[in-house]
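Below is one structure, written out as structure tokens; comments come after it.
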Amino acid sequence: MLVLTRRIGESIKVNEDIKITVIDIKGKNVRIGIEAPKETKIYREEVFLRIKKENQSAASPGELDLEKVSQLAKNNPDK
Amino acid sequence: MKYETTRFGSIDLEDHQIIHFKNGLYGFESQDLFGVLPFNADMESPLEWLQSLTFPELAFILADPYVYVPDYTVVLSNEEERQLEVEADHSLLVRVIVTVPKNYEDMTANLMAPIIINMNRSLGRQVILTNKDYDTRYQLISQEARQPEAVTE
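Here it is in structure tokens:
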């Protein structure tokens with residue numbers, strides 16, 4: 001991992017078009033500003049972990065009453 | 080092409096029904112081939128199966144998100160569009176993965192990370208939406224639609 005020291009107000013450039021700036025530091029919290037092209041997807045790492053976990057809970061459900069599950073899923077078209 | 084599955088036994092799929100997921104799914108990165116199968120052969124269902132063709136046991140339940148959230152909006156990044164080889168006249172299938180717990184009425188759908196399939200190219204990908212703050216555990220069964228005994232407690 002590349003480790004860099006930055007002060008408040010200083011930035012890091014990633015490629016030509018992404019700029020990450022340290023906005024503020026308060027105790028253990030760092031506020032970070034990210035400037036990137038609109039199509040760049042930026043998310044907190046926890047989001048990834050949550051989605052992984054959710055996929056794992058959804059994977060290969062055990063024995064299901066398919067008719068009952070279908071009926072329930074169908075019952076509710078306009079929540 | 081014939082594939083063995085734990086849930087459905089041997090299944091026979093045409094080439095265009097074999098969906099390539101170059102990145103797999105989150106948490107299942109090495110599973111790169113899936114087929115979409117009817118949920119229940121005996122009745123119509125709003126659900127489908129996403130069956131792994133590389134790991135016979137692995138299957139997910141899919142739902143059409145627009146049935147539950149009519150204004151559901153998917154915005155793909157340029158990179159995602161490139162990987163799915165999306166062109167203007169292509170039809171994209173949008174599905175969400177459903178988690179069904181023991182109490183079926185608590186089933187949820189992951190609206191944040193839908194499955195997008197380019198039907199014209201048989202290419203699929205799970206994407207993370209950032210255009211809106213969608214829930215990973217969206218309740219599919221509303222309180223009103225639940226059976227009374229299930230609501231108590």
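Protein chains in written order, with my numbering: chain A, 1 to 79; chain B, 80 to 232. Virtual Cβ for every residue (Gly too), placed ideally from N, Cα, C. The structure displayed is predicted, hence computed values, not measured ones.
- The Cβ atoms of B/Leu171 and B/Asn189 lie no closer than 7 Å to each other.
- The beta carbons of A/Val22 and A/Arg44 sit about 17 Å from each other, so the pair does not count as a contact at 8 Å.
- The beta-carbon of B/Pro193 is placed no less than 7 Å from the nearest beta-carbon of chain A.
- Straight through space, the alpha carbons of B/Glu166 and B/Asn210 are spaced by roughly 21 Å.
- Between B/Leu92 and B/Val146, the alpha-carbon positions lie close to 27 Å from each other.
- Sixteen is the threshold: since fewer than 16 other Cβ atoms of the shown chains lie within 10 Å of the Cβ of B/Met80, the residue is exposed.
- Flagged as an interface residue toward chain B: A/Asn55, by a C-beta distance shorter than 7 Å.
- Under the Cβ criterion of 7 Å, B/Val179 is counted among the residues facing chain A.
- Positions of the beta strand (DSSP E) runs, each at least 3 residues long and wholly inside the region 123-166 of chain B, are given as 126-131 and 138-142 in order along the chain.
- By the neighbour-count criterion, in which 16 or more other beta carbons inside 10 Å mark a residue as buried, B/Gln222 falls on the exposed side.
- DSSP places B/Tyr183 in the helix class (H, G or I) of the three-state scheme.
- Distance between A/Ser70 and B/Ile176, taken at the CA atoms: about 14 Å.
- Put simply, of B/Ile207, B/Asp111 and B/Ser156 the residue whose alpha carbon is nearest the alpha carbon of A/Leu49 is B/Ile207.
- Contact between the region 59-67 of chain A and the region 118-126 of chain B is present: three or more C-beta pairs spanning the two stretches fall below 8 Å.
- Excluding its 5 nearest sequence neighbours in each direction, B/Leu219 has C-beta neighbours in its own chain below 8 Å: Ala142, Tyr147, Val177, Met186, Thr187 and Ala188, listed in chain order.
- B/Tyr183 is positioned such that its CB atom lies no closer than 7 Å to that of B/Leu132.
- For B/Pro117, DSSP records a beta bridge to B/Glu127.
- For B/Glu160, the closest alpha carbon among the candidates B/Gln130, B/Ile195 and B/Phe113 is that of B/Ile195.
- In this structure B/Val179 is buried. Its beta-carbon is surrounded by 16 or more other beta-carbon atoms within 10 angstroms.
- Here DSSP, grouped into helix, strand and coil, assigns A/Leu2 to coil.
- Scanning its chain for C-beta atoms nearer than 7 Å, with the 5 sequence neighbours on each side dropped, one finds around B/Tyr105 the residues Ala192 and Gln205, in chain order.
- Within the region 85-112 of chain B, the beta strand (DSSP E) runs of at least 3 residues that lie entirely inside it are, in chain order, 88-91 and 98-100.
- A/Ile25 is positioned such that its CB atom lies no closer than 7 Å to that of A/Ile34.
- Chain B places a beta carbon closer than 7 Å to that of A/Ser60, counting this residue as a contact.
- If you look at A/Lys19, you'll find it in the beta strand (DSSP E) that goes Ile18 to Lys26.
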